[in-house]
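Chemist: Structure below; questions to follow.
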Amino acid sequence: MALSLSGDDEEYDSESEQQRAANRPKPKVGTSAAIKLPSNRSSSGARRRRTRCRKCEACVRTECGECHFCKDMKKFGGPGRMKQSCIMRQCIAPVLPHTAVCVVCKEAGKEDTLEEEEEKFNFMLMECSICNEIVHPNCLKVNDASGVVNDELPNCWECPKCNHAGKSGKVSINMWFKYASNLPGSLLREQKSLKEEGDASTAVKRRPDREETPRYRPEETLHRQPPLLSPSNLPRPRPEDKLRKKRKLFDDDEEEDLGVRKKEKSDDPYYSKLLHHIKTEEEDEDPYEEEDEEGRVPHFRGGVERRGRFGDPEDEADERDSRSSLLNPSVKTPFGDSDQSLCSSPQAGPSSEGGSETQEKGPRRKARRKRRLPNRELSRELSKALNQEIQKTEDCLANENRQPLKVEPQTENEEPQRLFRNELGDQRPHLKNKEMNGTPWELRHFYPSQITPLGFNRSTPTNRPVPPHSPPKCVQMERHVIRPPPISPPPDRLPLKDGKSHVIQREVWMKIFGYLTHQELCVCMRVCKTWNRWCCDKRLWTMIDLNRCTSITPLMLSGIIRRQPGSLDLSWTNISKKQLGWLINRLPGLRVLKLSGCSWAAVSALCTSSCPLLRTLDVQWVEGLKDAQMRDLLSPPTDNRPGQLDNRCKLRNVEDLRLAGLDITDTSLRLISRQMPSLSMLDLSYCNHINDQSVNLLTAAGTTTRDSLTDINLSVCNRVTDHSLNFFKRCGSICQIDLRFCKQVTRTACERFIAEMSVSVPFRLKEDKLLQKAS
DNA sequence: GGCAACGTAACT
DNA sequence: AGTTACGTTGCC
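Structural data, given as structure tokens:
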């Protein structure tokens, strides 16, 4: 029952030339040619089509009915031409078809008949990702069967022949991108980016100023800090080297990355000591695990190895975690770990029914596992995330305005991005020489200390990272699924080597973890599967800060989704519209979103999404965000599907809006005053078009802002004069008025305001022209 | 490089 | 026989 190997591949070529219809792809060269290659072809065979595992969360889901591919389906009223599966149903672990047989013995996989793990491996079908041959490892007559098992894809390896021949598996790797690597958070990309980031340790050295901030940092406190910028906070240009690190996110050249990674893997004596006796859940030690083929020690975990279905899932995550932390200490999120989905999902299965975990241990002895494609990690994480996330998202979106997965292609919004794409060293030449909001670019970036009123919940303007050439493949992402979390809850106690459980309960650990920084958490995530899961608890990640993270990768996105933060800081990143839209739709509980310094092209994703719970929106210094864009932001969701009748302002629940540095005028303020009834804190600093009339609008009778505003920042608004203070007297709830560095506001006027208000509300001058309610 | 389209493998 | 959807193609 061999795969239908019609053997007509040769015919195809000739035939295809003749039969090709105009504007149509060659009829048969593609898959069929590939698939129909005789299976006895000794090498360079065609890769076999894989099929659904039917077990993974994606496979068992129903079609979303909303994605691009669903809409194409006849059942959803489409033409049915695309013939693609629902993007929410992209199989996590596609398996070899049942018809697949060993190229040598012509028999199917026989692992089910065996007990012994190693034997299972020897008798299961393995498809070489390079030559595409499918064999039973046992049927190979190679003594040193040093095939390299691909942990991410069931029944996939680099066969000993290819491995010995030193062939590159890249082509094959790319081929199954579709299965795993395109998933948000793909390690392939991450590695790439890491590579491009350069050596992590170097990066750390390069950026000593990026101190990690303590976790559980009360975000609100932070952004409410007084507007004093320490010298270290002064905006500064990024180091040239960083600027060069625009990533090509999706290159597949990961080998070197691995090399880098391996070098980076530090043997942290502290942690290994601390953890040396902690047993991982699933497995025993594997001496082979300790070294990769180059004899390098994979990472510090030493004996603390575990393996999931396709091997040790955590470690790569961890590596990534540590890496991302190392690379960007300010990033308190590992994101690396994030994707545990591919194979770790309890059900997501390696192909041949039962191959799963067993597949691992056996193979490993014979075929050393080399972490060529750590996507498995991603997948596993995704798997975890999916259940919760999708469910939540869907539940939430069901009640709100649900967006189709596919974000509409950018149109006019693309333009700004393109502008960024033309340079290496200087990311935004157009900005350099251009004024933004009337403030010279230089001024925005190099504030003389005397006139640096910034602060007060303001992200320091800095060079905006260059968006990736083409925004990271969110479209591709759409084809992939954030996989659901495993069904089994995390264990309550840590399993130890001796079979017992650690005395400390999970919740106690959680409290301890609560004292760790995100960076430290990432280290902990390397310890074992249990810790990995525990450390991903969203309570530990209520705020994820990617501020100034040069490149937002799919891996990060999946990591974010997995953690479901309430607060997300993407300021001064190169996040794209698609990425942001994708994120927002999957973070239904998001309360704080910081996008300062991002491009409008990206921020415009908010126009098509609904963030019902969003309380804080920071869009300061968003280039291109003017009145027209504000209108788009504040108008009802552009979701015209049936049932989407909510025509309320998308940001209606926002209480804290940060618009510093924008070229907005009264037009926007009028909208704000009407559409944002909950607005309490408004940052309009550095808005040079704001004037007394603007304040008048905000505080006019009949507006909601009049009563809701408690805190307004008008610092460095040079058109605001003393007169504005009179308007503020109408505000019933006002507690703080920041008029610092407003040239036309006098201290005398402030004192007069205090005097006049003293009857009802005592105010004081906290600083020059910074009025604060006294009590 | 992204995407629509399609042949046909794989499955029901 | 009918349906689903993988993997490839060529156009843009």
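Residue 23 is where the first sequence starts when you use my numbering, and the numbers rise one by one after that.
Heads up, the beta-carbon is just placed ideally off N, CA and C, and yes, glycines get one too.
#1: Less than 7 Å between the C-beta atoms of residue 775 and residue 747, yes or no?
#2: If you reduce the DSSP assignment to three classes, tell me which class residue 120 lands in.
#3: Which one of 700, 653, 90 has the shortest CA to CA distance from residue 689?
#4: Which of the three DSSP states is assigned to residue 753 in this structure?
#5: In chain order, what residues of the same chain lie with their CB nearer than 6 Å to the CB of residue 560, ignoring the 5 residues before and after it?
#6: Do residue 125 and residue 155 have their C-beta atoms within less than 7 Å of each other?
#7: Is the CB-CB distance between residue 89 and residue 109 below 7 Å?
#8: Taking the C-alpha atoms as reference points, what is the distance between residue 573 and residue 621?
#9: Cα-Cα, which of 641, 589, 657 is closest to residue 614?
#10: To the nearest angstrom, report how far apart residue 740 and residue 765 are at their CA atoms.
#11: DSSP has residue 178 in a bridge; who is on the other side?
#12: Compare the beta carbon distance of residue 761 and residue 736 with 7 Å and say whether it is the shorter of the two.
#13: Curious, which full-length alpha helix (DSSP H) runs of at least 4 residues does the stretch 707–791 contain?
#14: Mind checking residue 104: buried by the 16 CB within 10 Å criterion, or exposed?
#15: Could you tell me the boundaries of the alpha helix (DSSP H) in which residue 82 lies?
#16: Under 8 Å: do the stretch 539–546 and the stretch 512–527 share three or more Cβ pairs, one atom per stretch?
#17: So who's on the other strand from residue 687, going by DSSP bridges?
#18: Expressed to the nearest angstrom, what Euclidean distance is found between the alpha-carbon atoms of residue 536 and residue 617?
#19: Leaving aside the five residues before and after residue 697 along the sequence, list all residues of the same chain whose C-beta is less than 6 Å from its C-beta, in chain order.
#20: Below 8 Å on the Cβ atoms is my guess for residue 756 versus residue 732; work out the distance and round it to an integer in Å.
#21: For residue 96 versus residue 102, is the C-beta distance shorter than 7 Å?
#22: With distances taken from CA atoms, which of 676, 594, 603 is nearest residue 642?
#23: In the DSSP assignment, the alpha helix (DSSP H) including residue 125 goes from what residue to what residue?
#24: For the alpha helix (DSSP H) containing residue 580, list its first residue and its last residue.
#25: Starting from the C-beta of residue 129, find all residues in its chain whose C-beta is less than 8 Å away, skip the five residues before and the five after it, and write them out in chain order.
#26: What's the C-alpha gap between residue 98 and residue 76?
#27: Could you please give the first and the last residue of the uninterrupted beta strand (DSSP E) stretch that includes residue 527?
#28: Starting from residue 114, trace the beta strand (DSSP E) both ways and give me its first and last residue.
#29: Could you work out which residue in 628, 738, 699, 693 is closest to residue 682 when comparing CA atoms only?
#30: Label residue 640 either buried or exposed according to how many other C-beta atoms from any shown protein chain fall within 10 Å of its C-beta, with 16 as the threshold for buried.
#31: What residue range is occupied by the uninterrupted beta strand (DSSP E) comprising residue 566?
#32: Identify the continuous alpha helix (DSSP H) that holds residue 638 and give its terminal residues.
#33: Measure the CB-CB distance between residue 178 and residue 172 and report whether it falls below 7 Å.
#34: DSSP on residue 517, reduced to helix/strand/coil?
#35: Going by C-alpha to C-alpha distance, which of 534, 570, 566 sits closest to residue 556?
#36: Can you check which of these residues, 631, 633, 630, 625, is closest to residue 647 by C-alpha distance?
Modeler: Inspection of the coordinates gives the following:
#1: yes
#2: coil
#3: 653
#4: coil
#5: 585, 586
#6: yes
#7: yes
#8: 13 Å
#9: 589
#10: 5 Å
#11: 149
#12: yes
#13: 714–720, 727–730, 745–750, 769–779
#14: exposed
#15: 79–82
#16: no
#17: Its beta-bridge partners do not exist; DSSP assigns none.
#18: 26 Å
#19: 656, 671
#20: 6 Å
#21: yes
#22: 594
#23: Taken as a continuous stretch (DSSP letters only), residue 125 belongs to no alpha helix (DSSP H), as it is neither H nor E.
#24: 576–585
#25: 123, 158
#26: 22 Å
#27: 523–527
#28: Note, residue 114: premise wrong, no beta strand (DSSP E); not H, not E.
#29: 738
#30: buried
#31: 565–567
#32: No alpha helix (DSSP H) holds residue 638; the beta strand (DSSP E) holding it covers 638–640.
#33: yes
#34: strand
#35: 534
#36: 625
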